[in-house]
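Residue numbers (this note's numbering), protein chains in the order written: chain B, 1 to 386; chain D, 1 to 386.
Cβ coordinates follow ideal geometry from the N, Cα and C atoms, glycine included.
As the structure is a computational prediction, the values presented were derived from the model and not from experiment.
Below you'll find the structure, written out as structure tokens, and then a few comments.
There are 2 protein chains.
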Amino acid sequence: MTSYGNGNGRGNERGKGDGNVGGVNLPALRGHNAALVLDLLRSAGEAGISRLELAERTGLTPQAVSKITARLRAEGLAAEAGRRASTGGKPRTVLRLVPEAGHAVGLHLDRDALTAVLVDLTGAVVAERRAPLAFAEGADAVVDAAAGAVRGLLGAGPRGMVPPGVGVALPGPLDHARGVLRRVTGFPAWDGFPLRDALAARLGLPVAVDKDTNAAALGMALAGAAESFAYLHLGTGLGAGLVLGGSLHRGARTGAGEFGHQVLRLDGPPCACGDRGCVEALCLAAVAAGDLAEAARVLGTAAGNLVGLLDIDRVLLGGRTVFAAGDLFVRGVGAVVAERVRRGGGAEVSVAPAPGGERAVAEGAAQLILAPLFGRAPQPFGTLGD
Amino acid sequence: MTSYGNGNGRGNERGKGDGNVGGVNLPALRGHNAALVLDLLRSAGEAGISRLELAERTGLTPQAVSKITARLRAEGLAAEAGRRASTGGKPRTVLRLVPEAGHAVGLHLDRDALTAVLVDLTGAVVAERRAPLAFAEGADAVVDAAAGAVRGLLGAGPRGMVPPGVGVALPGPLDHARGVLRRVTGFPAWDGFPLRDALAARLGLPVAVDKDTNAAALGMALAGAAESFAYLHLGTGLGAGLVLGGSLHRGARTGAGEFGHQVLRLDGPPCACGDRGCVEALCLAAVAAGDLAEAARVLGTAAGNLVGLLDIDRVLLGGRTVFAAGDLFVRGVGAVVAERVRRGGGAEVSVAPAPGGERAVAEGAAQLILAPLFGRAPQPFGTLGD
DNA sequence: TGCACTTTGGCAACACCGTTGCTTAAGTGG
DNA sequence: CCACTTAAGCAACGGTGTTGCCAAAGTGCA
Numbered sequence: 001m002t003s004y005g006n007g008n009g010r011g012n013e014r015g016k017g018d019g020n021v022g023g024v025n026l027p028a029l030r031g032h033n034a035a036l037v038l039d040l041l042r043s044a045g046e047a048g049i050s051r052l053e054l055a056e057r058t059g060l061t062p063q064a065v066s067k068i069t070a071r072l073r074a075e076g077l078a079a080e081a082g083r084r085a086s087t088g089g090k091p092r093t094v095l096r097l098v099p100e101a102g103h104a105v106g107l108h109l110d111r112d113a114l115t116a117v118l119v120d121l122t123g124a125v126v127a128e129r130r131a132p133l134a135f136a137e138g139a140d141a142v143v144d145a146a147a148g149a150v151r152g153l154l155g156a157g158p159r160g161m162v163p164p165g166v167g168v169a170l171p172g173p174l175d176h177a178r179g180v181l182r183r184v185t186g187f188p189a190w191d192g193f194p195l196r197d198a199l200a201a202r203l204g205l206p207v208a209v210d211k212d213t214n215a216a217a218l219g220m221a222l223a224g225a226a227e228s229f230a231y232l233h234l235g236t237g238l239g240a241g242l243v244l245g246g247s248l249h250r251g252a253r254t255g256a257g258e259f260g261h262q263v264l265r266l267d268g269p270p271c272a273c274g275d276r277g278c279v280e281a282l283c284l285a286a287v288a289a290g291d292l293a294e295a296a297r298v299l300g301t302a303a304g305n306l307v308g309l310l311d312i313d314r315v316l317l318g319g320r321t322v323f324a325a326g327d328l329f330v331r332g333v334g335a336v337v338a339e340r341v342r343r344g345g346g347a348e349v350s351v352a353p354a355p356g357g358e359r360a361v362a363e364g365a366a367q368l369i370l371a372p373l374f375g376r377a378p379q380p381f382g383t384l385g386d
Numbered sequence: 001m002t003s004y005g006n007g008n009g010r011g012n013e014r015g016k017g018d019g020n021v022g023g024v025n026l027p028a029l030r031g032h033n034a035a036l037v038l039d040l041l042r043s044a045g046e047a048g049i050s051r052l053e054l055a056e057r058t059g060l061t062p063q064a065v066s067k068i069t070a071r072l073r074a075e076g077l078a079a080e081a082g083r084r085a086s087t088g089g090k091p092r093t094v095l096r097l098v099p100e101a102g103h104a105v106g107l108h109l110d111r112d113a114l115t116a117v118l119v120d121l122t123g124a125v126v127a128e129r130r131a132p133l134a135f136a137e138g139a140d141a142v143v144d145a146a147a148g149a150v151r152g153l154l155g156a157g158p159r160g161m162v163p164p165g166v167g168v169a170l171p172g173p174l175d176h177a178r179g180v181l182r183r184v185t186g187f188p189a190w191d192g193f194p195l196r197d198a199l200a201a202r203l204g205l206p207v208a209v210d211k212d213t214n215a216a217a218l219g220m221a222l223a224g225a226a227e228s229f230a231y232l233h234l235g236t237g238l239g240a241g242l243v244l245g246g247s248l249h250r251g252a253r254t255g256a257g258e259f260g261h262q263v264l265r266l267d268g269p270p271c272a273c274g275d276r277g278c279v280e281a282l283c284l285a286a287v288a289a290g291d292l293a294e295a296a297r298v299l300g301t302a303a304g305n306l307v308g309l310l311d312i313d314r315v316l317l318g319g320r321t322v323f324a325a326g327d328l329f330v331r332g333v334g335a336v337v338a339e340r341v342r343r344g345g346g347a348e349v350s351v352a353p354a355p356g357g358e359r360a361v362a363e364g365a366a367q368l369i370l371a372p373l374f375g376r377a378p379q380p381f382g383t384l385g386d
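What follows is the structure, encoded as structure tokens:
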């Protein structure tokens with residue numbers, strides 16, 4: 001695959017916090033429109049999409065789309081793939097993303113295990129590695145293990161393939177912009193560890209770091225889950241990833257999605273966080289007591305709060321505790337949310353199990369690298385019109 | 001004032017829901033950069049800003065800024081206003097927004113009163129009207145009153161001034177995109193009333209409609225309140241307006257900001273909405289009981305939930321109940337939020353009274369019209385870089 | 001089979017965007 | 001008074017999407 005990124009690299013490189021507000025020059029414009037087309041090709045999947053459909057969807061003229069797709073084909077990112085049936089004239093030529101044109105590695109670091117995946121440009125998993133992990137052994141040991149997994153994975157990929165980067169997802173508060181960990185509960189040694197730079201130096205590849213729930217939500221967003229949704233993860237803790245209007249909401253300090261310590265029962269039982277009546281405490285207490293229906297009701301009420309506050313379309317449930325209980329959580333949460341939406345008179349909100357299963361976080365981590373190519377991550381431009 | 005909007009009007013007009021994802025052509029690019037410069041001029045206020053500062057802030061070259069500002073000056077939107085002190089060479093020429101180059105009307109319809117303001121391009125109030133109102137008298141009567149207020153206001157403005165539009169803010173769920181009311185609590189006759197089109201037809205002016213809390217939050221965002229903040233309004237009810245990453249978050253159905261019916265005490269006392277333990281019920285009950293400290297604690301806990309979930313920088317408190325209690329709410333909410341942020345290890349979150357007082361909603365409503373000129377409302381483009 | 005018609009998509013010329021290179025304007029400081 | 005510095009405009013340029021036109025590749029009717 002050839003050069004990604006903003007055209008020839010002129011213009012609009014931006015330092016952090018220098019107050020640049022986003023002036024757009026021609027190379028940036030070209031990059032944006034190309035990313036847009038690439039994203040439409042991606043979401044069209046194997047079915048493909050024709051030049052004229054691209055023109056309709058983007059609002060550009062067919063001729064502009066022809067130029068853009070010609071460049072993408074020259075770069076090897078897109079290819080023609082058959083034709084549609086004629087509707088009385090020349091049949092439309094179908095274009096498709098070339099999956100092998102690019103790859104990325106997604107790394108999911110959890111307290112006790114590591115999952116690494118190699119995905120192609122469409123996000124499909126090409127190879128996978130799992131290994132035990134121990135946060136307790138300290139940062140160096142974990143970086144070692146991660147680097148080893150990535151190297152192994154790259155060996156499994158196509159010959160000569162150079163992935164554009166490695167996306168890493170892990171629990172706990174961290175700084176996505178700088179790639180620095182803030183606190184990993186129970187492992188104070190990790191505090192302030194510059195994971196991104198450490199891993200990037202070790203691998204010689206660009207690295208992006210994000211919270212596990214954010215990565216999972218990003219992956220689901222790119223898989224077309226919904227325009228706006230929340231991914232709720234119930235495992236050893238309770239967290240959330242928020243996608244609002246098509247893009248991941250991290251907040252200024254990557255702190256968004258702190259869902260578990262929402263106070264749901266004012267002056268309720270104490271939580272490990274020091275507050276009282278947090279959803280996480282209530283929900284996990286119910287799970288521990290074997291009352292899964294109550295756990296689902298608690299989670300559903302908190303989800304209802306979130307749905308009402310943000311006006312989202314969908315709630316996706318994941319995490320070991322959820323998957324272990326079959327559809328009990330989905331139905332329980334769904335019932336509470338539906339009741340609330342009914343009272344509020346809003347449109348229906350679907351509650352569903354999160355797609356991707358246990359691998360969702362690692363796949364989402366890979367999308368930390370791929371998403372920018374499709375104009376989806378720091379959203380080089382927003383949506384026009386309206 | 002001359003033509004606003006996207007350059008010559010070619011390209012990228014976008015129907016609703018046609019799936020247009022935001023392709024950008026040259027006129028749109030020009031419009032975006034012009035809006036960006038205009039926004040910087042606006043936020044610079046009377047102090048003004050030089051061409052080179054504009055270039056630094058936008059990331060464009062000085063020459064591009066010169067061209068853009070030349071066009072803005074030719075259109076009468078900007079003007080030179082003195083020079084800065086020299087730093088060893090030619091002193092910078094200061095540019096300023098011309099306030100009289102454009103106006104907008106903001107209309108705040110409340111259950112019992114109407115507030116209308118005429119603002120200039122900087123958002124400063126030029127004229128104001130207040131009148132009693134009765135939602136109970138039905139839609140036609142309210143439209144009559146609103147149209148009368150707007151006409152009166154336009155008479156008070158500069159001679160020959162034609163405002164580009166009227167922004168209307170009112171309580172209750174509604175559809176911002178279509179300008180249709182959904183439910184006005186206690187006034188079923190309003191259900192489904194197409195307020196935007198009715199008022200636009202009556203006035204012969206474009207009209208935009210939004211929730212009162214959204215309008216207020218938009219106004220504060222443009223006034224530079226913060227990148228991300230929540231405006232909490234405690235009056236006869238409890239609502240919120242959310243600004244995330246510089247732009248107003250409405251949700252797909254203008255339903256975001258449903259803050260009052262967040263469940264804060266699971267299985268708590270029943271609320272009028274049919275649920276139990278809603279913040280609004282708890283908070284207003286405490287107010288009714290004269291226990292304002294408890295009301296502030298309840299509100300603070302709910303605000304803390306919101307701060308944690310969205311990772312916002314600031315909480316602004318407004319509404320009659322808040323203003324009536326002096327700084328009691330600000331301090332009470334501030335204490336709870338600060339404690340929570342301290343535990344979470346996040347950056348400090350400021351809690352402050354909302355600026356603008358009782359007129360904030362009407363001023364924000366006017367910004368529904370002005371904000372698009374500065375690229376701030378449906379954010380024609382997002383932020384580049386990073 | 002042939003021909004009119006429809007639809008797709010490329011080629012060439014074009015208008016216009018921001019950029020580059022250079023010049024002029026307007027100050028400071030020795 | 002003059003060298004130096006900084007700001008801002010003019011002219012030429014590369015490259016964007018657009019427009020006008022034409023070739024390609026089908027359908028459908030005579």
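- Residue burial is scored here from C-beta neighbours: D313(D) has at least 16 other C-beta atoms within 10 angstroms and is therefore classed as buried.
- Taking 7 angstroms as the CB threshold, A223(D) stays off the interface with chain B.
- Contacts with chain B at 7 angstroms (Cβ-Cβ) include N33(D).
- Residues V119, P163, P164, G165, G167, A366, I369, L370 of the same chain have their beta carbon placed closer than 7 angstroms to that of A104(D), with the five preceding and five following residues left out of the count.
- Excluding sequence positions up to five before and after A377(B), its CB lies within less than 6 angstroms of the CB of A371, all in the same chain and listed in chain order.
- Of all residues in the region 307 to 321 of chain D, the ones placed with a Cβ closer than 8 angstroms to any Cβ belonging to chain B are G308, L309, L310, D311, I312, D313, in chain order.
- The region 25 to 38 of chain D and the region 68 to 81 of chain D touch, with three or more beta-carbon pairs separated by less than 8 angstroms.
- By the rule that beta-carbons nearer than 7 angstroms mark a contact, R253(B) touches chain D.
- Bounds of any beta strand (DSSP E) do not take in H32(D); it lies within the alpha helix (DSSP H) bounded by 26 to 44.
- The shortest CA-to-CA distance from L373(B) to any of R30(B), G23(B), N25(B) is the one to R30(B).
- In this structure S50(D) touches T93(D) by the C-beta definition: roughly 6 angstroms separates them, less than 8 angstroms.
- In this structure, the beta-carbon distance from A230(B) to V315(B) falls below 7 angstroms.
- Assigned with DSSP and collapsed to three states, V263(D) falls in strand.
- Contacts with chain B at 7 angstroms (Cβ-Cβ) include L264(D).
- What F259(D) touches in chain B, judged by beta-carbon distance under 7 angstroms, is L309, going in chain order.
- E258(B) is a Cβ neighbour of G308(D), given a cutoff of 7 angstroms.
- Using a CB distance below 9 angstroms, the part of the region 232 to 244 of chain B facing chain D consists of A240, L242, L244, ordered along the chain.
- When beta bridges are read from the DSSP output, D120(B) appears opposite H103(B).
- For P62(D), the enclosing alpha helix (DSSP H) stretches over residues 62 to 74.
- Residues of the region 319 to 339 of chain D with a C-beta less than 8 angstroms from any C-beta of chain B: none at all.
- Per DSSP, F374(D) is not a residue of any beta strand (DSSP E), being assigned neither H nor E.
- When DSSP reads this structure, T115(D) sits in a beta bridge with H108(D), R130(D).
- Close to T301(B), with beta-carbon spacing below 7 angstroms, are these residues of chain D in chain order: V263, L266.
- By the Cβ neighbour-count rule, S86(B) is exposed, with fewer than 16 other Cβ atoms within 10 Å of its own.
- Residue ranges of uninterrupted beta strand (DSSP E) with 3 or more members, entirely inside the region 180 to 239 of chain B and ordered along the chain, are 207 to 211, 229 to 234.
- In this chain, the beta strand (DSSP E) harbouring R96(B) covers 93 to 97.
- DSSP assignment within the region 299 to 344 of chain D yields the following whole alpha helix (DSSP H) runs of 4 residues or more, N-terminal first: 320 to 324, 328 to 344.
- Contact check for L195(D) against G172(D) fails: the beta carbons are separated by 7 angstroms or more.
- R71(B) is not a Cβ neighbour of A147(B), given a cutoff of 7 angstroms.
- Using a CB distance below 9 angstroms, the part of the region 171 to 194 of chain D facing chain B consists of P173, A177, R182, R183, ordered along the chain.
- Close CB contacts of S228(B) within its chain, under the 8 angstroms cut and outside five residues either way in sequence, are with V243, L244, G245, G246, L310, D311, I312, D313, R314 (chain order).
- Checking the DSSP bridge columns, you'll see G167(D) partnered with G106(D), A208(D).
- The alpha carbon of R83(D) has as its nearest neighbour, out of A47(D), A64(D), E358(D), the alpha carbon of A47(D).
- Judged by their CB atoms, P353(B) and L317(B) are nearer to each other than the 7 angstroms cut-off.
- The Cβ atoms of A156(B) and A131(B) do not sit closer than 7 angstroms to each other.
- Taking a Cβ-Cβ threshold of 7 angstroms, the residues of chain B close to L60(D) are G23, N25, in chain order.
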